[in-house]
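Asks: Residue numbering for the sequence shown follows the numbering used here, beginning at 672 and increasing consecutively. Here you go, one structure.
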Amino acid sequence: GSVELADATIAELDDYDVVMWEKHGVFAVDNDVMQAFDQIDVLNKAANIYMTAKNFGFTPDGMTPEAVQKIRTVFNLPDHR
């Protein structure tokens, strides 16, 4: 790492609870270590799904804002944006 990487991570944590840096790893914040681990686990699964789709030759469309809001409501997730 570097001071620049640390500053960039802190800046991203204003909007997100988990940050993934290419060739550096993942950093997450939450109320306790297990919740932070869960965020990393979910990010890892999403990245694997994305990369599998790309390997099969297509780019996933992603979720609509409406679908994201439904998930936030169901799982009582904060709205960072």
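All C-beta atoms in this analysis are idealised placements derived from N, C-alpha and C, irrespective of residue type, glycine included.
In whole angstroms, what separates the C-alpha of V697 from that of A738?
Replies: Sequence index remark: in the sequence shown, residue 697 carries index 26 (1-based). Sequence index remark: in the sequence shown, residue 738 carries index 67 (1-based). Roughly 25 Å between the two C-alpha positions.
Asks: Do the stretch 696-715 and the stretch 727-737 make contact, defined as three or more Cβ pairs closer than 8 Å?
Replies: The stretch 696-715, when compared against the stretch 727-737, does not touch it at the 8 Å Cβ threshold.
Asks: So is the beta-carbon of N747 under 6 Å away from any non-hydrogen atom of the ligand ADP?
Replies: The ligand ADP is absent from the structure shown, which contains no ligands of any kind.
Asks: What does the Cβ neighbour count give for A699, buried or exposed, with the cut at 16 atoms within 10 Å?
Replies: For the purposes of this step, residue 699 is taken as the residue at position 28 of the sequence shown. Label assigned to A699: buried.
Asks: Return the first residue and the last residue of the alpha helix (DSSP H) that T708 is part of.
Replies: Mapped onto the sequence shown, residue 708 falls at position 37. The sequence shown places Phe at residue 708, not Thr. Unbroken alpha helix (DSSP H) run through F708: 704-726.
Asks: Distance check for D685 and N702, CA to CA, integer angstroms please.
Replies: On the sequence shown, residue 702 is found 31 positions in, with the first residue counted as 1. On the sequence shown, residue 685 is found 14 positions in, with the first residue counted as 1. Going from the Cα of N702 to the Cα of D685 covers about 16 Å.
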